[in-house]
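Numbering (this note's numbering), first residue to last: 7 to 309. Since the structure comes first, as structure tokens, the remarks are kept for the end.
What follows is the structure in structure tokens.
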């Protein structure tokens, strides 16, 4: 039975009304504003911030971001419980979010973090909004992990990449020298520092967070068996990056093609395919938002 005097955050009786704004409507507007900040940064990093080359900028963004937003927007179409947010709070947060989006520079990630945290915490009373808010928070944090991984992890992974690729090249009779995270060709003055944007850390940070977002959006929770798919996915990302590091280390032309040219797009698409395959395989047997009987969940969010 409904309480005689419903409060903010409780379901409303059809015969009662309170002053306020529907939580799902406010949440969707705030998602749009946070999303605008995220996409401003993505287009800025593509090197095409102007309005004229907008199509080129959109095509330069990895497909995996479009897939993540597809799942988040699909979550927003699910019906949410009837809750109200006070008018004063609605005006305050809309004013702040709009102002932050307008005054933020191209790198608007820093402002998007507290906003995403607010969405994930404030709307936790609604299962569908909580799920969408959690995915959005992961997407915002993903921009930081993708842009600048931890220096220690980057050094370790770059050293592993250089060692594996360098020794494979030696086995294939290519004369190269290996020093820490540097692979130097002995036939030409060309060489690469794997730590300078070529380490597997970048791809791993992107695909792991994308895997978690897609699985959470499809199923509503993470299961322990997802860890097996994560391990396979990380191994696949290592393998793809090692395959491109080989020609990059042997010649300037190979470096240009696989780091800046069509080869970079091939690697990005390969990472996307591996992520989507792993996330789909992990959720296929139990279906969207369904719990597999007898299996413990790492994180449970009610459907």
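Backbone N, C-alpha and C fix where the C-beta goes; we use that ideal spot for every residue, glycine too.
{"query": "Alpha helix (DSSP H) segment containing residue 26, residue limits", "result": "Neither: residue 26 is in no alpha helix (DSSP H) and is coded neither H nor E."}
{"query": "Cα-Cα separation, residue 320 to residue 96", "result": "Because the chain in this structure spans residues 7 to 309, residue 320 falls outside the shown range and cannot be described."}
{"query": "Inter-stretch contact at 8 Å, needing at least 3 Cβ pairs: the segment 131 to 144 / the segment 206 to 214", "result": "no"}
{"query": "Rounded straight-line distance, which links the Cα of residue 71 to that of residue 206", "result": "19 Å"}
{"query": "Cβ pair count under 8 Å reaching 3, the segment 238 to 251 against the segment 219 to 230", "result": "no"}
{"query": "Sufficient close CB pairs (3 or more, under 8 Å) joining the segment 187 to 196 to the segment 166 to 174", "result": "yes"}
{"query": "Spatial distance of residue 17 from residue 28 (CA atoms)", "result": "Here residue 17 scores only 46 on pLDDT, less than 50, and its place in the model should not be relied on; the value that follows carries that caveat. Taking the straight line from one Cα to the other gives about 11 Å."}
{"query": "8 Å CB neighbourhood of residue 254 in its chain, flanking five on each side removed", "result": "198, 204, 260, 261, 264 and 265"}
{"query": "Residue 46 in three-state terms, based on DSSP", "result": "helix"}
{"query": "Whole-number beta carbon distance between residue 275 and residue 69, since they are thought to touch under 8 Å", "result": "7 Å"}
{"query": "C-beta atoms of residue 103 and residue 39 nearer than 7 Å", "result": "yes"}
{"query": "Sufficient close CB pairs (3 or more, under 8 Å) joining the segment 276 to 292 to the segment 231 to 240", "result": "yes"}
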